[in-house]
Amino acid sequence: MKDFWALTRAWAVSLRRDRTALFWSFAFPLIFIVIFGIAFKNTNPTYDVGLVLPQQQDPTAAAFVQGLQHVGSFKLHEGSESAELAALKDGKRSVVAVVRPPANASASPAPSGVAIDVYLDPAQLQATQVVMPILRAVADRVDRQVTGTQPLVRIEERSVRAQNLKYIDFFLPGMVAFSVMQGGLWMAVVFIQLREGRVLKRFGATPVSRPVVVGSQTLVRLVVSIIQSAVLVLAGRFMFNAHIGGNPLVLAALIVLGGLLFLLLGAAISGLAKTEEAAVPIVNVVAMPMMFLSGVFWPVATFPSFIQPLIRVLPLTYFGDAVRQLMTSGTRIAPLWADMAVMAAWVVVAALLAVRFFRWE
Amino acid sequence: MATGTDAVVTAVGDGADTPAAQVIDLHKRYGSVQAVRGISFTVPRGTIFGMLGPNGAGKTTTIEILEGLREPTSGATYVLGREIRRDGKRVKDRIGVQLQTPSLFPQLTVREVLHLFATFYSRRADVDELIGAFGLGESAGRKTSQLSGGQQQRLSVALALVNDPELVFLDEPTTGLDPQARVALWDVIARLRERGKTVLLTTHYMEEAERLCDELCIIDHGQIVAQGSPAELIARNFHEQAVTFQMDPPPDVEALRLLPGVASVAVDPPDVACYTRDLTGTMAGLLEWASAMGRPLDNLLVRRASLEDVFLKITGRRLRE
Numbered sequence: 138m139k140d141f142w143a144l145t146r147a148w149a150v151s152l153r154r155d156r157t158a159l160f161w162s163f164a165f166p167l168i169f170i171v172i173f174g175i176a177f178k179n180t181n182p183t184y185d186v187g188l189v190l191p192q193q194q195d196p197t198a199a200a201f202v203q204g205l206q207h208v209g210s211f212k213l214h215e216g217s218e219s220a221e222l223a224a225l226k227d228g229k230r231s232v233v234a235v236v237r238p239p240a241n242a243s244a245s246p247a248p249s250g251v252a253i254d255v256y257l258d259p260a261q262l263q264a265t266q267v268v269m270p271i272l273r274a275v276a277d278r279v280d281r282q283v284t285g286t287q288p289l290v291r292i293e294e295r296s297v298r299a300q301n302l303k304y305i306d307f308f309l310p311g312m313v314a315f316s317v318m319q320g321g322l323w324m325a326v327v328f329i330q331l332r333e334g335r336v337l338k339r340f341g342a343t344p345v346s347r348p349v350v351v352g353s354q355t356l357v358r359l360v361v362s363i364i365q366s367a368v369l370v371l372a373g374r375f376m377f378n379a380h381i382g383g384n385p386l387v388l389a390a391l392i393v394l395g396g397l398l399f400l401l402l403g404a405a406i407s408g409l410a411k412t413e414e415a416a417v418p419i420v421n422v423v424a425m426p427m428m429f430l431s432g433v434f435w436p437v438a439t440f441p442s443f444i445q446p447l448i449r450v451l452p453l454t455y456f457g458d459a460v461r462q463l464m465t466s467g468t469r470i471a472p473l474w475a476d477m478a479v480m481a482a483w484v485v486v487a488a489l490l491a492v493r494f495f496r497w498e
Numbered sequence: 011m012a013t014g015t016d017a018v019v020t021a022v023g024d025g026a027d028t029p030a031a032q033v034i035d036l037h038k039r040y041g042s043v044q045a046v047r048g049i050s051f052t053v054p055r056g057t058i059f060g061m062l063g064p065n066g067a068g069k070t071t072t073i074e075i076l077e078g079l080r081e082p083t084s085g086a087t088y089v090l091g092r093e094i095r096r097d098g099k100r101v102k103d104r105i106g107v108q109l110q111t112p113s114l115f116p117q118l119t120v121r122e123v124l125h126l127f128a129t130f131y132s133r134r135a136d137v138d139e140l141i142g143a144f145g146l147g148e149s150a151g152r153k154t155s156q157l158s159g160g161q162q163q164r165l166s167v168a169l170a171l172v173n174d175p176e177l178v179f180l181d182e183p184t185t186g187l188d189p190q191a192r193v194a195l196w197d198v199i200a201r202l203r204e205r206g207k208t209v210l211l212t213t214h215y216m217e218e219a220e221r222l223c224d225e226l227c228i229i230d231h232g233q234i235v236a237q238g239s240p241a242e243l244i245a246r247n248f249h250e251q252a253v254t255f256q257m258d259p260p261p262d263v264e265a266l267r268l269l270p271g272v273a274s275v276a277v278d279p280p281d282v283a284c285y286t287r288d289l290t291g292t293m294a295g296l297l298e299w300a301s302a303m304g305r306p307l308d309n310l311l312v313r314r315a316s317l318e319d320v321f322l323k324i325t326g327r328r329l330r331e
């Protein structure tokens, strides 16, 4: 047991002094979180709305403009019709609303009706879908004010905020699982270094047993995965106010299960490649589909149905789903126990692959 | 290194009547390549036993089978009276192994690596003493990745001694060392024998083999082609002195063989060696022949026959560094 702890300490000290390893283990996933966190932090996206108003003051038009000014996510730009339409074509406006005065504006003392033409850019479909209902609602409110009915607007802004809050909460657990996967798969390179540098062979000439060598290395890597996950979760919590829930011990257990799974796959890959360089494409071939298909960045439901069977096979799908439903009570693919069962099955498969392909020299 | 008396007592107390290592009709095949073809030898306790041979001769394969790192195709090996395949852990606890492992824990310091390996064994040498003996005092606190090639080499030999072993395997221990460091390491190895240890080493260097080894086997193409002490090997093969010079293109061997007193001629361009029992006659004839041919005798030298000559005679090749 003494040799186990001495070796564990040696691996840990080595890792702590290895800046490259530290970067990939901690800084890199953290950078990912920060970039995505900032990119989607904007809970109130603004939309540029072009306004073309009639020459003369018109109370109805004024009420409409005032209504628009209350919409926080609208940035209003007033200008001539030609200038605003040009801006729309350049993509500088989401929509342009042209308020046309009534034909008999001059004489009438009563509030006049105005016509509003809204110009859209089909390329900005998403923005249009958000802006149009708000424009309608504002127009409706102006109508109701004039006719003395109670106003009833406010729905749209809320839905916009809810959407964005969900993304960080969605992304953070996926990133935790993804980082653990990366840590495990890239161990293939470390195993190759130990093999080709004849470190494993050197241990073979000492009384130290192979389980001690592998076990100590595994322990260090799993602890690193847990620390790495904690750093990511805390960064998400304190930098981006992500929603964090669930029992940390269950989360740690999940990370151990997932870490073991991908560590074993990394060990199997190390046996398939003769050199570090040869291992890189193999790791990428394994990691890339999971990175994009397993619901780390986007919900798996967004993929077409013919890819779904593949998604349902990938281990990261279940790992990510398990971490996500533990941390946030959002949508899920399967119950937690089912996720863990699939992961356990994958651990067995990965262990068989590792036993089959791992080489000591 | 622990105290000498300690080591001797252990060696005597534990099967000292058995040889330190014994190899019987060892064969090793890699696919279609026969790396080792029927090697047998015995290493007596307290001696330095050398395996001399060119690259690919089967030295490393043989030593790694003895160390328990490879499985033989057939044949038997006994280390400290035991079969390493059956008694691996027990045997490995009492042997020291040096391998060429440049990237062993690059982030750890010399002292840390030595202490780490010391924890693997039931017996431990004094790490600080080892550091001193190998001239690693100044670099003891440096990361091993920052060591020079020579320092790493010395560390790899020091690691073979962390358990104060009874039998030490050294695979080309002085390769890559500068001459000064090489001589210093020879002293360390010679001292191991003084303290009753057994050393089995492979080497490329004739001088190393001649100076250190009590017993030597020359290995070529997976077989032992000659065995004995360095002095025996020389005496058995040569009663002559060697007259050597360089000539390019090489001269007609037959013409040299006809010179007075010449017993044999070996040519490994541009080196030419004439082995003679009549130095005066040979020299006179050689000078006359050279001036008649109009060819200069570069680097003309007369010396006693050496291990190098034995190797050249037996294998038909020189053993270059």
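In the order they appear, the protein sequences are chains A and B. Per the numbering used here, residue 138 is the first one in the first sequence, and the count goes up by one each step. Per the numbering used here, residue 11 is the first one in the second sequence, and the count goes up by one each step. Glycine included, C-beta positions come from ideal geometry on N, C-alpha and C.
For this session: Go through its chain and collect everything with a Cβ distance to ALA389 (chain A)'s Cβ below 6 Å, but skip five positions before and after it.
Result: ILE363
Report task. Using a threshold of 8 Å, state whether the C-beta atoms of VAL186 (chain A) and SER231 (chain A) are closer than that. Result -> yes
- Message: Can you tell me which residues form a DSSP beta bridge with ARG121 (chain B)?
- Response: According to DSSP, which records beta bridges pairwise, ARG121 (chain B) is partnered with nothing at all.
At the 8 Å Cβ level, is THR154 (chain B) part of the contact set with chain A, yes or no? no
| query | How would you list, in chain order, the residues of chain A whose beta-carbon sits under 8 Å from the beta-carbon of VAL107 (chain B)? | reply | ARG339, ALA342 and THR343
Practice task
Spell out whether any CB of chain B is found under 8 Å from the CB atom of ARG230 (chain A).
Solution key: no
Taking the alpha carbon of GLU298 (chain B) as the point to measure from, which residue in B:ASN309, B:LEU268, B:VAL277 and B:GLU318 has its own alpha carbon closest?
-> B:LEU268
* Please confirm whether GLU220 (chain B) and LEU317 (chain B) have their CB atoms less than 8 Å apart. => yes
Does chain B have any CB closer than 8 Å to the CB of SER366 (chain A)? no
Item to check | Backbone CA spacing between ARG291 (chain A) and VAL268 (chain A) [nearest angstrom] | outcome: Confidence is the limiting factor: at ARG291 (chain A) the pLDDT is only 46, short of 50, which leaves the residue's position unreliable and the question unanswerable from this model.
_DSSP bridge partner residues for GLY60 (chain B) (one or two, in chain order)_ = B:LEU211 and B:LEU226
Item checked: CB-CB length for ILE170 (chain A) against LEU369 (chain A), believed under 8 Å -> 6 Å
For this session: Count the CB pairs spanning the segment 308-325 of chain B and the segment 276-284 of chain B that are closer than 8 Å, and state whether there are at least three.
Result: yes
GLN44 (chain B): first and last residue of the uninterrupted beta strand (DSSP E) it sits in
43-53
Buried or exposed, going by whether 16 or more other CB atoms sit within 10 Å of the CB of SER51 (chain B)?
Here residue 51 (chain B) is Phe; the residue named in the question, Ser, does not match the sequence. Label assigned to PHE51 (chain B): buried.
- Straight-line CA distance for ALA224 (chain A) to LYS212 (chain A)? 14 Å
Check your understanding: What first and last residue would you give for the beta strand (DSSP E) that runs through ARG134 (chain B)?
Key -> First-last for ARG134 (chain B): undefined, no H or E at that position.
Which of the three DSSP states, helix, strand or coil, is assigned to GLY238 (chain B)? strand
query = alpha helix (DSSP H) containing ASN173 (chain B): first to last residue?
reply = Looking at the DSSP string, ASN173 (chain B) is not in any alpha helix (DSSP H), and its letter there is neither H nor E.
ask   = Using a Cβ-Cβ cut-off of 7 Å (strictly less than) and excluding sequence neighbours within five positions of THR83 (chain B), which residues of its own chain qualify?
value = HIS37, LYS38 and ARG39
- Interface residues of chain A facing ASP103 (chain B) [CB-CB closer than 7 Å]: PRO344
Of all the residues that make up the segment 147-171 of chain A, which are near chain B by a beta-carbon distance shorter than 7 Å?
ALA147, VAL150, SER151, ARG154 and ASP155
Along the chain, where does the beta strand (DSSP E) that runs through THR254 (chain B) open and close? 251-256
With DSSP collapsed to three states, give me the class of GLN108 (chain B).
strand
Assuming ILE253 (chain A) contacts VAL208 (chain A) under a Cβ cut-off of 8 Å, what Cβ separation, rounded to an integer in Å, is found between them?
In fact, because the Cβ distance is near 15 Å, the residues do not count as touching under 8 Å.
inquiry  = Buried or exposed for THR212 (chain B), going by 16 or more other Cβ atoms inside 10 Å?
reply    = buried
> Can you check whether the CB of PHE144 (chain B) is closer than 8 Å to the CB of VAL167 (chain B)?
Replying inline: yes
Consult DSSP for ALA67 (chain B) and reduce its assignment to one of helix, strand or coil.
coil
Practice item. Indicate the three-state DSSP secondary structure (helix, strand or coil) for ILE392 (chain A) in the structure shown. Key: helix
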